[in-house]
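Participant:
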């Protein structure tokens, strides 16, 4: 009898989707094939059954989160055929009263890359060649590039989330679609985590076998497009090797392997000879430091094009879809189920149904029969040439050990040093799984600490790779210049070096102001930025040396009526002996720019400021996604409201707490508010002047933008001590005022181009 865990086969969802059959299930979701009763076309509906136990008071917030992610997926999939198309989103209550959100997706004919690789290994097929691997990158990276250009990182790229549409995955004409965009972000939603915590369920936002160092511990920085670069590079190495690039049996071992400087998982280090330029490209993509990698898919794709000699235009549009159907394969949440169309047989050797569980790559509960997948030895390949990439006979890979996977459960354990997780063989015994979870929970803190300690004590130098030992294999040539470590640049004391990189500047979020739109990709050269805002003491010294201009005693600016101007003028820090370590305020743009120039510096550009505030990533605030508190930021709390009342002006509070500073606070006293680049007070305390004139954004990609050459107002960033709305503390928020304006909540910091 066919499984129907939700007991909904035959039901009609949203008055138009008739449920036909289960095609995949896991501990977090179940996927059904349904028929659109109006269009008479099949669709896939992913029911997030793991949320059915969410408390009623959490459901509205969860529904909103799903609608937002559904809208994101719809937007992305409308821009490229390489991302699975989203059709609809909603919530459904089963006849038995089980509530759950769902996503409606296009119905795909084909198989996940994970399934393809399993079937290839069963058939003893050789690992992929360099040319075949580069062609896969050609097909996947343009779709990732679209997402990265819109400020979205996938953060769970793996073979299970790459769906092959067609009957030959290695063909350059076969389309590959990316699945599960937005899921990584979704499972980190605070309402979802709170709901699942009450039911004892834990889920992870990434798959450890394809995890970048920053996903195991945030000591490496924030996640972002560069995280996807790391993951797709691991997939590429797996294709070349015939098995996973990262080796480990648990979260600790995989986290160590991901960040081990002495044993990077590049092809040559794993005994696979590839051309210099391919090794150098993958070595950079797999850098432990996110700032050393390609910043996004566009940068990696450009290098692939350079290596292969393929013109960009050839890859700009997705190949046409194959019309001949093959096995309809559902690969959802780890369970593999193949359903041959009527009158057809399987396209790959091996039994068409059931195929059993996927390799342990999905962080949820999976119930499926045991499957042994032996690894056939790779036969030598004679030298061939395709395009500008040549390959030689590769070294034989050792046979893969048989591994059996029964019912698997991934328990995510969060600790001070990052995330720890273990695979638990539950043998289908629920009580045994619960006991295992209990036992593992007791060791969560020590496991996390162990991972952090091992990462922090990694060797700092890479050993020289010996040439392949096989006599018939040529010694690898001397590494190309692109693989050599660049000469490091340094910054003056009290400045932080921000390495060159790229990011999506601005925001396309519905809640964003129009002057934050459109989000657009910006590439920046390396620069230095002051760790803290320029202090009153520092500015006073400049005035004493007759190099800077004394601030005006009365402030003037937009929104400052006479009462507020009088009140703020009392809070100027210049000349106040009690506030020498507070940021200088009450300075106009010209005074700020002159101070920076005096010390061989300059005001940061708007793009430089935002990149530093984002930490190179895509977070709600400089410090991450936590809502602002007095521990993160100096903004308007109860003390600020009391100050306003005493001065007969009106201010509302951002948080109902007293942060101890009615106006400015000393610099650097909010360590929880640091950006991942180590920059203090990029939100709150004082707004900061930047170089640019205020003007609407352009959608085109830009390199080191400086803003328009002229304008009426200069941009202000970051919010101040009088900020009453959290939205003004976001990295993309833009304020502005006349260059001659000043205020007690306006200051600045300096930037510098490295020598």
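Numbering (the working numbering), first residue to last: 4 to 758.
Think of the CB as a built atom: it goes at the ideal place given N, C-alpha and C, for glycine as much as any other residue.
Model, not experiment: these values are computed from the prediction.
How would you label residue 557, buried or exposed, when you count the other beta carbons within 10 angstroms and need 16 or more for buried?
Facilitator: Residue 557 is exposed by the Cβ-count criterion.
Participant: If you check the beta carbons only, do residue 45 and residue 25 fall under 8 Å apart?
Facilitator: No. Outside cutoff.
Participant: If you follow the beta strand (DSSP E) that residue 691 is part of, which residue opens it and which one closes it?
Facilitator: Per DSSP, residue 691 belongs to the beta strand (DSSP E) from 690-696.
Participant: Can you give me the Cβ contacts of residue 172 inside the same chain, cut-off strictly under 6 Å, excluding the 5 residues immediately before and after it?
Facilitator: Hits under 6 Å: 119.
Participant: If I measure Cβ to Cβ from residue 754 and keep anything under 7 Å in the same chain, skipping five residues before and after, which residues do I get?
Facilitator: Counting only Cβ-Cβ distances below 7 Å, and skipping sequence neighbours, we find 530, 531, 532, 604, 605, 606, 607 and 611.
Participant: In terms of residues, what are the limits of the beta strand (DSSP E) holding residue 86?
Facilitator: Segment: none, residue 86 is in no beta strand (DSSP E) and carries neither H nor E.
Participant: Return helix, strand or coil for residue 1, following the three-state DSSP convention.
Facilitator: Outside the shown range of the chain (4 to 758) lies residue 1, about which nothing can therefore be said.
Participant: Counting C-beta neighbours from all protein chains within 10 Å, is the total for residue 385 16 or more, i.e. buried, or is it exposed?
Facilitator: Confidence at residue 385 is low in this model, with a pLDDT of 30, below 50, so its placement is unreliable and the value that follows should be read with caution. Classification for residue 385: exposed.
Participant: Residues in its own chain within less than 7 Å of residue 138 by CB, not counting five upstream and five downstream?
Facilitator: Excluding residues within five positions, the ones whose Cβ falls inside 7 Å are 175.
Participant: What residues match up with residue 104 in a beta bridge as DSSP calls it?
Facilitator: Looking at the DSSP assignment, residue 104 forms a beta bridge with 94.
Participant: Quick one: Cα of residue 631 to Cα of residue 683, how far?
Facilitator: Their Cα atoms are separated by approximately 14 Å.
Participant: What residue range is occupied by the uninterrupted beta strand (DSSP E) comprising residue 144?
Facilitator: Run containing residue 144: none in the beta strand (DSSP E); it sits in the alpha helix (DSSP H), 133-152.
Participant: How many angstroms separate the CA atom of residue 525 from the CA atom of residue 153?
Facilitator: Straight-line Cα distance between these residues: approximately 11 Å.
Participant: For a quick check, are the C-beta atoms of residue 765 and residue 663 less than 8 Å apart?
Facilitator: Residue 765 lies beyond the residue range present for the chain, which begins at 4 and ends at 758; the question has no answer from this structure.
Participant: Which of helix, strand or coil does DSSP assign to residue 439?
Facilitator: Because the pLDDT at residue 439 is just 37, under 50, the model does not fix this residue reliably, and the point stays unresolved.
Participant: Can you have a look at residue 510 and say buried or exposed, based on whether 16 or more other CB atoms are within 10 angstroms of its CB?
Facilitator: Counting Cβ neighbours within 10 Å, residue 510 comes out buried, since at least 16 surround it.
Participant: Please state the DSSP three-state secondary structure of residue 281.
Facilitator: Residue state, collapsed to three classes: helix.
Participant: Once you ignore the five residues that flank residue 38 on each side, which residues in its own chain have a CB closer than 7 Å to its CB?
Facilitator: Once the five neighbours on either side are set aside, the close Cβ partners of residue 38 are 21, 23 and 45.
Participant: On a Cα-Cα basis, can you pick out the residue from 642, 233, 101 and 282 that is closest to residue 262?
Facilitator: Among 642, 233, 101 and 282, the Cα nearest to that of residue 262 belongs to 233.
Participant: For the alpha helix (DSSP H) that residue 22 lies in, which residues bound it at each end?
Facilitator: Note, residue 22: premise wrong, no alpha helix (DSSP H); beta strand (DSSP E) at 20-28.
Participant: May I have the straight-line CA-CA distance separating residue 244 from residue 732, to the nearest angstrom?
Facilitator: Near 46 Å, if we compare the C-alpha coordinates of residue 732 and residue 244.
Participant: Where does residue 111 land, buried or exposed, given buried means 16+ other C-beta within 10 angstroms?
Facilitator: Flag for residue 111 reads buried.
Participant: Report the partner residues of residue 718 according to the DSSP bridge assignment.
Facilitator: For residue 718, which the question treats as bridged, DSSP gives the partners 739.
Participant: Can you tell me the Cα-Cα spacing of residue 757 and residue 502, whole angstroms?
Facilitator: When rounded, the distance between both Cα atoms is 10 Å.
Participant: Excluding five sequence neighbours on each side, which residues of the same chain lie with their C-beta closer than 8 Å to the C-beta of residue 671?
Facilitator: So the qualifying residues of the chain are 534, 535, 683 and 684.
Participant: Between residue 591 and residue 745, is the Cβ-Cβ spacing less than 8 Å?
Facilitator: In contact: residue 591 and residue 745 (Cβ atoms closer than 8 Å).
Participant: At the level of alpha carbons, what is the spacing between residue 721 and residue 518?
Facilitator: So the alpha carbons of these two residues sit roughly 15 Å apart.
Participant: With a threshold of 6 Å on Cβ separation, who are the neighbours of residue 98 within its own chain once the five nearest residues in sequence on each side are excluded?
Facilitator: Cβ neighbours of residue 98 beyond the five flanking positions: none.
Participant: Whole angstroms is fine: what's the gap from residue 136's alpha carbon to residue 143's?
Facilitator: So the alpha carbons of these two residues sit roughly 11 Å apart.
Participant: Give the straight-line distance between the Cα atoms of residue 160 and residue 235, rounded to the nearest whole angstrom.
Facilitator: About 6 Å.
Participant: Can you grab the Cα-Cα spacing for the pair residue 180 / residue 311, in whole Å?
Facilitator: Going from the Cα of residue 180 to the Cα of residue 311 covers about 22 Å.
Participant: Quick one: which unbroken alpha helix (DSSP H) runs of 4-plus residues sit fully inside the segment 551-591? Chain order, please.
Facilitator: Within the segment 551-591, the complete alpha helix (DSSP H) runs of at least 4 residues are 565-572.
Participant: Residue 108 and residue 87 look like a contact to me (Cβ under 8 Å); what is the Cβ gap, rounded to whole Å?
Facilitator: The Cβ separation is near 5 Å, so the contact holds.
Participant: Would you kindly check if the distance between the Cβ of residue 660 and the Cβ of residue 641 is under 8 Å?
Facilitator: It is a contact, given that the beta carbons lie within the stated cut-off.
Participant: How many Å lie between residue 280 and residue 580 at the Cα?
Facilitator: In a straight line, the C-alpha of residue 280 is about 60 Å away from that of residue 580.
Participant: Secondary structure at residue 47, three-state DSSP: helix, strand or coil?
Facilitator: Three-state DSSP puts residue 47 in a strand.
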